[in-house]
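> Sequential numbering of the sequence shown, starting at 1, is according to the UniProt record's numbering.
Every residue gets a Cβ at the ideal spot worked out from N, C-alpha and C, and that includes glycine.
No experiment lies behind these values; they were computed from the predicted model shown.
This is the structure, below, for whatever I ask next.
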Amino acid sequence: MNLSTLDFAELLQLKNDVDVEVRRREVEEKAKAKKQILEIAKAYGFSVEDVLGGKVAPTASGRKPVEVKYRHPNDESLTWTGRGRKPLWVVALLDSGIDLDSLRV
């Protein structure tokens with residue numbers, strides 16, 4: 001892929017897509033690592049708490065997912081809950097003159 005042929009908006013979109021994919025894969029890799037750790041501890045007859053010498057931090061799986069509040073008008077895979085920093089795609093659309101309320105779900 002030749003990045004010099006992309007315009008600024010395409011570069012921002014690509015960067016956002018890469019960031020999203022990195023976060024998704026990080027979650028996958030952590031889940032794989034956790035599964036392997038649990039299997040190894042179990043194979044030796046221990047719990048993870050026994051091996052690590054304390055309680056394991058609770059996972060976020062007990063939390064209810066936050067509802068999406070904003071969606072990209074042309075790419076439904078790009079969403080934002082309205083919490084935290086604005087994603088780059090939101091910033092780019094706001095800079096281009098699009099109103100945030102027009103992105104509401």
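1. Are the CB atoms of N16 and P87 within a distance shorter than 8 angstroms?
2. Over what stretch of residues does the alpha helix (DSSP H) that includes D17 continue unbroken?
3. Considering only C-alpha positions, which residue in the set L38, T5, V105 is nearest to T81?
4. Could you tell me the distance, in whole angstroms, from the CA atom of V90 to the CA atom of N74?
5. Quick check on DSSP: helix, strand or coil for T5?
6. Taking the alpha-carbon positions, what's the H72 to K34 distance?
Per the coordinate set shown:
1. yes
2. 8-43
3. V105
4. 12 angstroms
5. helix
6. 33 angstroms
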